[in-house]
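Read through the structure below, which is laid out as structure tokens, and then see the notes.
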């Protein structure tokens, strides 16, 4: 049945009609909500169809890395909660969770979305650490795009907490916002059979041969790539997937 | 000795439906000292002094002689374990699966492999909810090709319609092969565009199952969809 169903899915993709009636290069309905958490300094909830992801940004004060005394840093963590998918389990982060977090982290970092110098409080001693936490509420496929969108939305929503030089008052938010130089977003293109698909559902994700996550800035500059899946990609594949992905990131921006 | 609710009312578990012994208790209700009480959330159905409920939600409850669609989840020496979409898994023994002679220790995946979907009939359900299945009967087979969708098992009677009228309406209009299992799993096979119409129609029936005159509405909907496709 597994092979049967794969053939059936490929048959549908060849006619550009997917199981839920979308075209191959169509996202489900996307909604973005800002400021959904009181306790986080910045937060957002993104829904793509029935897939739902929330991202919270917390701030902490820490010591900088010795080689970058004048720069703060970001840390991205992802939690694939068991409530979002029966295949996810409690415990230490799974390989999927680590990959998801790293892909989002790399998109933000390599696009130089923010100047880490603005996170410096006192050089060599005190810097802001931004903890960006991704939490899946429901997984109906395509956590990559949802998390990327939610992470960026949460950063845009973020205000630093009140800080008097000694202590942070998390209950008060200051006027100071995080300055974003770039707005990186990623869209993952999946290859099933010979067709490129975006925003797959759980049903389709099972049969994915390979995938390519492309993070791009608002002017379409590529800043990070991640390839996954068992099959290899040819040069033509990669070109086509990158083109499709960048086109789609531009469409995603309208939702922010 | 009176009715406390009207026909087609929505009731919640524990709600008293009738007092006294005038009415008898049907599916989804039970009798207590005072009268009849609802045990599920659902629509009241009063027919000839019998009060029953059409549940609005909930999992499928296996019942004898139901034809269901199951998925093979395990293969043992003597048969297959089948996921029925309910809280209980079922057993299909080699004896009930085929009339062919099978050697001891033969490879059973030749008949049904892990992950295969089958149309099967429930032979028996014990009080402990052990379920026996059979493949002997008209229309019982392994499903090849197509796709499976899941609907609320309690809406299945509306999807099938009176004497299969609703499902044959969909079949005629979409040229799809459709098999509906009592457990809410539905198998559909056709061209991608046709399948989509069939799935959307079934979802519409599921959503509007409580509305009367549904068949005409669905007929109009299907005609509209088919016009668009042409």
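Protein chains in written order, with this note's numbering: chain S, 1 to 256; chain R, 1001 to 1230. Heads up, the beta-carbon is just placed ideally off N, CA and C, and yes, glycines get one too.
Between residue i and chain S, is there a C-beta pair that is closer than 8 Å?
i: residue 1193(R); result: yes
i: residue 1222(R); result: no
i: residue 1185(R); result: no
i: residue 1196(R); result: yes
For a cutoff of 8 Å on Cβ pairs, would you count residue i as touching chain R?
i: residue 17(S); result: yes
i: residue 255(S); result: no
i: residue 12(S); result: yes
i: residue 8(S); result: yes
i: residue 21(S); result: yes
i: residue 4(S); result: yes
Can you pull the DSSP bridge partners for residue i?
i: residue 1183(R); result: BP columns for residue 1183(R) are empty, so no partner.
i: residue 1019(R); result: 1035(R)
i: residue 82(S); result: Per DSSP, none; premise fails for residue 82(S).
i: residue 1176(R); result: Answer by DSSP bridge pairing: none, since residue 1176(R) is not bridged.
i: residue 1055(R); result: 1042(R)
i: residue 60(S); result: 129(S)
i: residue 1029(R); result: 1038(R)
i: residue 948(R); result: Nothing can be reported for residue 948(R), as the shown portion of chain R is limited to 1001 through 1230.
i: residue 1050(R); result: 1024(R), 1047(R)
i: residue 226(S); result: 213(S)
i: residue 1226(R); result: None; residue 1226(R) has no bridge partner.
i: residue 122(S); result: 126(S)
Hey, is residue i's beta-carbon within less than 8 Å of any beta-carbon in chain A?
i: residue 195(S); result: Looking at the structure shown, chain A is missing, and the protein chains on hand are S and R.
Got a sec: does the ligand ZN put a non-hydrogen atom nearer than 7 Å to the Cβ of residue i?
i: residue 163(S); result: Of ligands this structure carries none, so the ligand ZN is not represented either.
Exercise. Give, in chain order, every residue of the segment 1118–1147 of chain R whose Cβ lies closer than 8 Å to some Cβ of chain S.
Key: 1143, 1144, 1145, 1146, 1147
Exercise. Starting from the N-terminal side, write out each stretch of the alpha helix (DSSP H) that is 4 residues or longer and does not extend beyond the segment 128–166 of chain S.
Key: 143–157
Quiz item: Should the segment 1063–1070 of chain R be regarded as contacting the segment 1154–1163 of chain R, the criterion being three or more beta carbon pairs within less than 8 Å?
Solution: no
Practice problem: With a floor of 4 residues, list each alpha helix (DSSP H) that falls wholly inside the segment 159–223 of chain S, ordered by position along the chain. | Solution: 202–205
Quiz item: Would you call the segment 1078–1093 of chain R and the segment 1117–1134 of chain R touching, i.e. three or more CB-CB distances under 8 Å?
Solution: yes
Quiz item: Are at least three pairs of beta-carbons, each pair with one atom in the segment 158–178 of chain S and one in the segment 139–148 of chain S, less than 8 Å apart?
Solution: no
Exercise. Assess, as a yes-or-no matter, whether the segment 70–89 of chain S is touched by the segment 130–138 of chain S under the definition of 3 or more beta carbon pairs within less than 8 Å.
Key: yes
Quiz item: Should the segment 103–112 of chain S be regarded as contacting the segment 206–220 of chain S, the criterion being three or more beta carbon pairs within less than 8 Å?
Solution: yes
Exercise. Decide if the segment 1068–1081 of chain R is in contact with the segment 1099–1113 of chain R; the criterion is three or more beta carbon pairs, one per stretch, under 8 Å apart.
Key: yes
Quiz item: Do three or more CB pairs link the segment 4–21 of chain S to the segment 1145–1161 of chain R at distances below 8 Å?
Solution: yes
Quiz item: Using 8 Å as the Cβ pair cut-off and three pairs as the minimum, do the segment 11–29 of chain S and the segment 191–208 of chain S touch?
Solution: yes
Quiz item: Where in the segment 1084–1163 of chain R do unbroken runs of the alpha helix (DSSP H), each at least 4 residues long, occur, reported from the N-terminal end onward?
Solution: 1094–1097, 1156–1160
Self-check item: Any beta strand (DSSP E) of 3 or more consecutive residues that is wholly inside the segment 1180–1221 of chain R
Solution: 1185–1189
Quiz prompt | Meets three-Cβ-pair contact criterion under 8 Å: the segment 151–158 of chain S and the segment 175–193 of chain S | solution = yes
Self-check item: Three-pair Cβ contact test at 8 Å for the segment 1212–1222 of chain R versus the segment 1177–1193 of chain R
Solution: no
Quiz item: Is the segment 43–55 of chain S touching the segment 111–122 of chain S in the sense that three or more CB pairs, one from each, lie closer than 8 Å?
Solution: no
Quiz item: How about the segment 1054–1062 of chain R and the segment 1028–1042 of chain R: do they share at least three Cβ pairs that are nearer than 8 Å?
Solution: yes
Exercise. Give a yes or no on contact between the segment 245–255 of chain S and the segment 1010–1021 of chain R, applying the rule of three or more CB pairs nearer than 8 Å.
Key: no
Self-check item: Sufficient close CB pairs (3 or more, under 8 Å) joining the segment 1166–1174 of chain R to the segment 1129–1144 of chain R
Solution: no
Exercise. Let me know the beta strand (DSSP E) ranges lying completely inside the segment 21–67 of chain S, each 3 residues or longer, listed in chain order.
Key: 30–34, 42–48, 51–62
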